[in-house]
Structures are given as structure tokens and as C-alpha cells.
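For reference, the structure is listed below as C-alpha cells.
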DNA sequence: CTGAAAGCGCTTACAG
DNA sequence: CTGAAAGCGCTTACAG
């Protein structure tokens, strides 16, 4: 009867437990901070969505923030996360050096998990997708199709995705004995503007490349816009390949030959591993996972020597 | 000197204030909960981004959640927000009735602001974009181009965007004395699948429409895929117009004639108003803002009677 | 002006 | 098994 009266009063007053007080007392917020370099990139959107699906089942909420590819902003946002006492942090870093951040999280006993981009200067749990061989395979496909004048538009930040895709490109050009002039190697940012500007630069060269390798989906979008503006056609006038898929690939003609990534898988694996880590008292050593990528052929590459292909 | 010693100890220990304790004491979390029906829709993405830009300058963080257009999930997530003691809530509701939620927030003194979708059963701050006349203008344009067999693919949830776009469609068809058969009015959801399935249904009819009005960007994407699959062309075989723009409109051919929305503006206005509201001790009465929309002509509509147009 | 004390709303260990 | 008390880490009103 007392219980009943209490219950009715509770209902009347719309009582609701104070999560802040609970978090303070239990030293646990049930919140995970997720920090990506670019929230408008569908790659990170999908990664976040699948991550959230997994951890919400484990009763965790997420806070999402975007560093806009700026190292200082990233560092500041990590501080904000730590001050808000998140239980863990998932990070797609915009930085090349991460030892300090890793040490900070370690000190405060906050698990840190890198996604999409790894770092060399610290031991930390990492889930990335394969970059080197994906880039290599794209170039190999272009060579097999008869291309030798191949250009690349890449980012320039000291992050693993930029470095490894560049490495794959260089290994392939060496293995196939292509001599790539310096001006064919363009470096900007992982955004549409770089694809547009550097793309126009390439297309207007006296000795223009016959194929262009875009190291990121936004770069590819910018390049396609540039090609359209110049009244050129893909693949008749220039062939295009891309690391990472565009949104709505079924609507964009021609269909790009591209390395297909799987952000949904990265996100869900990160979620599962993090839930395990948060459950166990004594976490294991840093783990590093690299997921395989694969090429999907489209019709954005001109076949210059039919004999060689298929 | 004491200060100095304290400072050096602080640095050594990596002291960092506990935001949870501060929030408890000050009864303020400096966090705003943002709840949208579909986080993967670029419309809401952009709205959230611009909102975050504005409120982060006012020292607020945001928590984002997605209701997946499910009323129960929406209600549950609002409870989570309130339990987490957010200072305010921004909501694009998936529900037709909102009086209870409004009352709850009011009781707890948590400002609630609706965006994109209004409700009739409660007085609450609201920022939406114009729907009725935008839909009306699209149909008017089709009629001017000579179309009379016009179909519509809409959602079916009892939300303002569905209802008002339908109303604009019906007003126009009445004003222009079109007799629209029931089977031309297809209702599904605001997603790609509905556009695809209902689109195919329309396209395969004995007496198929010459023009289709998609009430949402995802519906338009699904319809375009269906049209491509059937080997038909836009606008030669069927004309298409859409409420809301597709992503990457510069890459998708033909360019859709569409009502252009401005989620960035909705988000930034919502941010500014909310900051004002959070600053003032005694908030004003509920305010309702409707932003104008406009049509952008593409080349997705076949001109059947050149005399009438332009 | 400085510093000790009270209290935010919970949870949990402990006394009865 | 029940219920009162202590304490999480801050902020703020208040005593000195």
C-alpha cells in the first residue's frame, strides 16, 4: 500500500531519475564519444550509424563530434569528451602523431579505438580497411587496360589513408615500369574542391594523363564536375578510378571503377570490440585489425588494348 | 608560490575538471539533444551541422539520435534525453500527436523546438519550410508544360510534410480541373524503396501517368532507379519532379526540377533562437516560423505544348 | 578577501 | 531485510 501510494505520487510528479547524479556516483556515463574528421562524408556517417546500432544494444549512447580534419580541433574535442567523462572514445584521427592523446586516455583509463586511420607512434586498438593493395589493384587494372599516363589526386595530410594509397600507387607504377612525371602527382585535400581544381589542372596539361586515380570519394566528385564543365566525357576522353564509392552509385553515369569499402563493417566491429573491452576488468593488449577491400569494375575506364583484358 | 606548486602538481596529475559533477551542481549540462527521424537523410545531416555550428559557439554540445521514423522510438529517446538532463531538445517529429511530449518538457522546464515538421495539437516553438505552395507550384509547372496525367508518390505517416505536400497537390489538381484517378495517388514512406516499388507500379499501369511528383528526395532516387531499370528515359518517357533536392545534383542527369529546401537555414535559425531562449529567464510564448521555398527548374520535365511555357 | 561547509541527486556499503 | 548515512566532485553562499 505504501508502495502504491509512492507509485501514484511518482506518476503525478513525473519523477524521472537524474542520470547526471547517477553518472557521478557510479563514475560511469554510459556514453561513448565518437570523433570523425568529416561528418558529412557518407563513409563516416555509415560507420557511425552501424557503431551506434551495436553499442545502443549494450545500453550506451554516443556523442558525435567532427574535427573538420583539423588537428587542433581534434585535440580540443578529445579534451571535451574526457571532461564529459565518456566511457570510451572512437577516433578517426586527422593527425599523424597520436602518442600524447593515447597516453592521456590510458592514464584516465578511457579505452581509445582508432577507426579508418592508423598511427605509427602509439600502441592502440585499431580497425582500418586495407589501403595499399586496393590502390595497387586499381593502378594494375588501368595498366592492363593499356593506360600508361596515369595521374593521382591525393590528400596531403600525414594520415595513414593518404600515405598508404600513395604507396600502393607508387609500388604499382614501379612494378609496371611507368614513368610518372611529378606534375601527375597532385596533392590537396580529401574534398570536392581539390578534385575540381587539381583535376582541371591535370586535364589542361599539354600532355594530359589518360587516366586519373582519385584517392577519395569527394575528390572523385570534384573531378567529375570538372570533366563535365570542360565538355569532356568519361571514359572516352579520360578514364577515372576512385578509392571509395560515391553516394547513389546507381544513379551516376558512368559507373565508377572503384575500391569498395565497408564502413558498416568497420563500425559494427568497433562497437563489438569496445563493448567487450568495457565489460572486462583487465583489458587485453592493443589489437589491430585490417579489413580487406575489393575492386568493383564500372565503365569509367577506356580499354585501350582489348587483347590484354579478360 | 603555493599557486605555483599547485599548478605544477595539477600539470603532473593531468587534472581535468569533472564535467559531470559540475553539471550536477549547476543543474546545467550545456548539452542539447537533437532528435531526427532519419540521420542518413542529407537534409537532416545539413540541418544538424549548421545547428551545431551555431550552438557550439555558445558553448553547447549536442547529442544526436535518430527515431527511424518510429513514434515509440522517438518517445523513448526523448525520455533518454530528459534523463540525461539536456538543457533543450530539438525535434523533427515522426508523430502526429505531440501534446504529451510538449507538456513533459514544459513541466521540466526544458525548451522544445520543432524543426521541419509541425504539429497541430500543441503550442510549441516551430521552424518549418513552406510545403503547400511548393507542391502547388510543382504541379502548376507540370500543367503549364501540358501534363494532365500526373501521379504522386507520398509518405503516409500523419506528419505535416506528408499532409501539406498532399494538400498542395490536391489544390493544384482541383484548380486546374485535372481528374486524378485514385491509382495515381500512391502512399508509402519517405524512403528509396517506396519510390522504387510504387514507381514501378505507376509505370506499368495500362494508362500510365506522363509525370510523377515525388514528395521527398529518397522517393525520387527510388523512382529514378525504377525508371532506369525499365529502360525508360527522363523526360522522354516520363517526367519527374521532386520536393527536395538530391545529393550531388551536379552529377545526376537529367537535372531534376525540384522544390529547393534550405536545411542550413533552418538549423542556424533554430540554433540562434534556442540560444536566446536558454539565456532569458522568462521565455516568450511559442513562436512559429515558416521559411519560403522555391522551385529550381531542371530538365526532367517534357514540354508537351511549347506554346504555353516561357 | 579567503577558506570551510553545505548540497546537487543519486548509489552503495553498512548498521540495525 | 530495511533504512539511514556517507560520498561521488564540483559550485556557491556564507562565516570568519
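Residue numbers (the numbering used here), protein chains in the order written: chain V, 401 to 710; chain F, 401 to 710. Yeah, the Cβ is synthetic: ideal placement off N, Cα and C, and Gly gets one too. In this text the structure is predicted, and so the values were computed from the model without any measurement.
Sheet register partners of residue i (DSSP bridge)
i	result
residue 553/V	586/V and 614/V
residue 696/V	658/V
residue 643/V	659/V
residue 690/V	528/V
residue 434/V	464/V and 490/V
residue 513/F	490/F and 525/F
CB of residue i within 8 Å of CB of residue j, strictly
i	j	result
residue 467/V	residue 450/V	no
residue 638/F	residue 612/F	yes
residue 489/F	residue 689/F	no
residue 446/F	residue 664/F	yes
residue 674/F	residue 511/F	yes
residue 448/V	residue 464/V	yes
residue 662/V	residue 691/V	yes
residue 627/F	residue 599/F	yes
residue 462/V	residue 485/F	no
residue 659/V	residue 610/V	no
residue 532/V	residue 568/V	yes
residue 657/V	residue 631/V	no
residue 536/F	residue 492/F	no
residue 516/V	residue 432/V	no
residue 542/V	residue 508/V	no
residue 653/F	residue 565/V	no
residue 605/V	residue 583/V	yes
residue 747/V	residue 521/V	Any answer about residue 747/V is impossible in this case: the structure gives chain V only from 401 up to 710.
residue 424/F	residue 424/V	yes
residue 562/F	residue 614/F	no
residue 685/V	residue 443/V	no
Residue i Cβ short of 7 Å to the ligand NAP heavy atom set
i	result
residue 587/V	Among the components modelled here there is no ligand, and therefore nothing to report on the ligand NAP.
Residue i to residue j span [Cα, whole Å]
i	j	result
residue 539/F	residue 480/V	49 Å
residue 687/F	residue 671/F	14 Å
residue 594/F	residue 587/F	8 Å
residue 552/V	residue 602/V	9 Å
residue 554/F	residue 575/V	55 Å
residue 550/F	residue 578/F	9 Å
residue 428/F	residue 524/F	22 Å
residue 703/V	residue 441/F	37 Å
residue 519/V	residue 438/V	18 Å
residue 726/V	residue 641/V	Residue 726/V falls outside the range modelled here, since chain V spans only 401 to 710, and no answer is possible.
residue 454/F	residue 460/F	9 Å
residue 625/V	residue 650/F	7 Å
residue 436/F	residue 591/F	15 Å
residue 633/F	residue 701/V	24 Å
residue 502/V	residue 434/V	15 Å
residue 679/V	residue 505/V	17 Å
residue 696/F	residue 426/F	49 Å
residue 414/F	residue 669/F	39 Å
residue 469/V	residue 475/V	11 Å
residue 560/F	residue 666/F	16 Å
residue 580/V	residue 546/V	15 Å
residue 655/F	residue 655/V	17 Å
residue 360/V	residue 458/V	Residue 360/V cannot be examined here, being either before or after the span of chain V that is shown, 401 to 710.
residue 682/V	residue 676/V	11 Å
residue 619/V	residue 422/V	46 Å
residue 471/V	residue 456/F	18 Å
residue 705/V	residue 608/F	45 Å
residue 629/V	residue 621/V	12 Å
residue 452/F	residue 473/V	14 Å
residue 401/F	residue 418/F	Low local confidence applies: a pLDDT of 43 at residue 401/F is under 50, so the model's placement there is unreliable, with the coordinate-based value given in what follows. In a straight line, the C-alpha of residue 401/F is about 26 Å away from that of residue 418/F.
Note down, in chain order, all residues in the region 661-692 of chain V with a beta-carbon under 7 Å from any beta-carbon belonging to chain F.
-> none
Got a sec: which bits of the region 491-508 of chain F sit with their beta carbon under 7 Å from any beta carbon on chain V, in order along the chain?
-> 504 and 507
At a Cβ cut of 8 Å, what residues of the region 540-555 of chain V count as close to chain F, listed as they run along the chain?
-> none
Short-range partners of chain F found in the region 624-651 of chain V, where Cβ spacing is below 9 Å | Hits within the stretch, in order: 624, 625, 628, 646, 647, 648, 650 and 651.
Of all the residues that make up the region 421-439 of chain V, which are near chain F by a beta-carbon distance shorter than 7 Å?
-> Hits within the stretch, in order: 421, 423, 424, 429 and 439.
Going along the chain, which residues of the region 477-489 of chain F sit with their C-beta nearer than 9 Å to a C-beta in chain V?
-> Cβ contacts with chain V come from 479, 480, 482, 483, 484 and 485.
Near-chain V residues of the region 580-607 of chain F - C-beta to any C-beta below 8 Å | none
Mind listing which residues of the region 510-524 of chain F have their C-beta closer than 7 Å to chain V's C-betas, in chain order?
-> none
Output, in sequence order along the chain, the residues in the region 459-476 of chain F whose CB is closer than 9 Å to any CB in chain V.
-> 461, 462, 463, 464, 465 and 466
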